[in-house]
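Colleague:
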Amino acid sequence: MNQNKSLALVLAAGRGTRMSSEIPKPLSLVYGKPIISWIIESFKKNNIDICLIINPRDKKNFKNYHNDVRFVYQNNPKGTGHAVIQAIEIIKNYSNIFIFVGDSPFVGGNIISKMINSHSYNNSDCTILSGIFNEKKFPYARVIRKNKSITKFVEEKDTNDSEFQVNELFCSHYLFKSKILLKFLKYLKPDNKNSEIYLTDILNHLIKNNKSINSIIIKDWMHLVGLNTKEDISWIESQKIV
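Under our numbering, the sequence shown has 43 at position 39, and the numbering climbs by one with no breaks.
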């Protein structure tokens with residue numbers, strides 16, 4: 005294991021269904037540049053190795069990135085947790101693992117640097133990004149706190165009335181100690197409704213086992229947003245975020 009090296013796993017197997025596009029969603033253009041290019045550039049600024057998890061049928065679509073990243077293939081997409089499990093052998097070679105969704109282009113190099121520094125300073129088992137979404141609602145997991153400490157994460161579809169009103173949202177940006185990630189991936193089980201394995205579930209397992217989760221609240225929540233439709237892209241471009 006390289007004790008001083010971090011790896012970024014970018015979950016890029018999503019289809020462009022809601023984009024009404026034939027290309028994978030991470031290749032959709034924002035400000036004239038593919039979403040995945042924004043993400044890769046941010047990690048490269050911090051000298052972090054990058055691995056894209058993609059559907060093997062999309063190999064040709066991602067051919068322009070072969071010199072910048074490694075690839076892991078998720079042959080039969082069964083959720084975000086399932087995607088990460090495909091990369092276990094690579095994870096073992098690194099001390100810290102970022103896991104980012106492949107549809108949020110504006111978590112910049114400065115935010116990633118902040119994650120690294122905070123994760124190290126606090127000796128956290130896991131560091132996440134969250135934001136206070138006061139102006140626009142997105143269907144993200146709620147961060148539930150008691151006396152400022154995180155007590156659980158709840159997917160929007162599973163919230164009760166009070167949890168639904170919580171405006172601190174988690175948009176699926178993680179940094180794990182690799183040994184913690186490897187241990188707790190084993191805790192993940194398929195969802196009863198659709199048999200998918202969700203990575204978000206790992207956070208509640210960490211809490212139950214008294215592992216440390218460090219949350220960095222990003223003031224400008226727009227940097228965390230995932231883009232799922234052409235309307236989302238038009239909206240974010242109208243915000244002149246870059």
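Beta carbons are placed, not taken as given, at the ideal position from N, Cα and C, and that holds for glycine. These numbers were taken from a predicted model, which means no experiment stands behind them.
1. Given a cut-off of 9 angstroms on the beta-carbon distance, is the pair Leu231 and Ser32 in contact?
2. Kindly indicate which three-state DSSP category Phe110 falls into: helix, strand or coil?
3. Does Lys29 pass the burial test, meaning 16 or more other C-beta atoms within 10 Å, or should it be called exposed?
4. Just checking, does the segment 133-143 make contact with the segment 167-179 on the three C-beta pairs under 8 angstroms criterion?
5. Residue range of the beta strand (DSSP E) that Asn100 falls in?
6. Ile206: which of Asn59, Ile89, Ser10, Lys37 sits nearest, CA to CA?
7. Tell me the start and end of each unbroken beta strand (DSSP E) in the segment 155-189 that is at least 3 residues and wholly inside, in chain order.
8. For Asp129, count neighbouring C-beta atoms within 10 Å of its own C-beta (all shown protein chains included) and say buried if the count is 16 or more, exposed if not.
9. In whole angstroms, what separates the C-alpha of Ile54 from that of Phe66?
10. Looking only at DSSP bridge pairs, what is Arg61 linked to?
11. His177 and Tyr191 - do their beta-carbons sit closer together than 9 angstroms?
12. For the alpha helix (DSSP H) containing Leu210, name the first residue and the last one.
13. Compare the Cα-Cα distances from Lys187 to each of Lys96, His227, Lys152 and report the closest residue.
14. Which two residues bound the contiguous beta strand (DSSP E) that contains Ala145?
15. Hey, Ile43 and Phe104 are a contact pair by Cβ (cut 8 angstroms); roughly how many whole angstroms apart?
16. So, under 8 angstroms CB-CB, Thr163 and Ile211 are touching, yes? Tell me the CB distance rounded to an integer number of Å.
17. For the beta strand (DSSP E) that Val76 lies in, which residues bound it at each end?
Modeller: In terms of the structure at hand:
1. In this structure, Ser32 lies closer than 9 angstroms to Leu231 by Cβ.
2. It is coil, neither helix nor strand.
3. With 16 or more other Cβ atoms within 10 Å, it is buried.
4. Taking 8 angstroms as the limit for Cβ pairs, the verdict is that the segment 167-179 does touch the segment 133-143.
5. Per DSSP, the unbroken beta strand (DSSP E) holding Asn100 starts and ends at 98-105.
6. Ranking Asn59, Ile89, Ser10, Lys37 by CA distance to the CA of Ile206 puts Ile89 first.
7. Qualifying beta strand (DSSP E) stretches, in chain order: 172-181.
8. Label assigned to Asp129: buried.
9. Going by the C-alpha atoms only, they are around 14 angstroms apart.
10. According to DSSP, which records beta bridges pairwise, Arg61 is partnered with nothing at all.
11. No, the Cβ-Cβ distance between Tyr191 and His177 is not below 9 angstroms.
12. Segment 205-212, the alpha helix (DSSP H) holding Leu210.
13. Nearest Cα to Lys187 within the set Lys96, His227, Lys152: Lys96.
14. Note, Ala145: beta strand (DSSP E), 145-150.
15. That belief holds up - the Cβ atoms of Ile43 and Phe104 are roughly 6 angstroms apart, short of 8 angstroms.
16. 17 angstroms between Cβ atoms; not a contact.
17. Judged by DSSP secondary structure, Val76 falls within the beta strand (DSSP E) whose first and last residues are 74-77.
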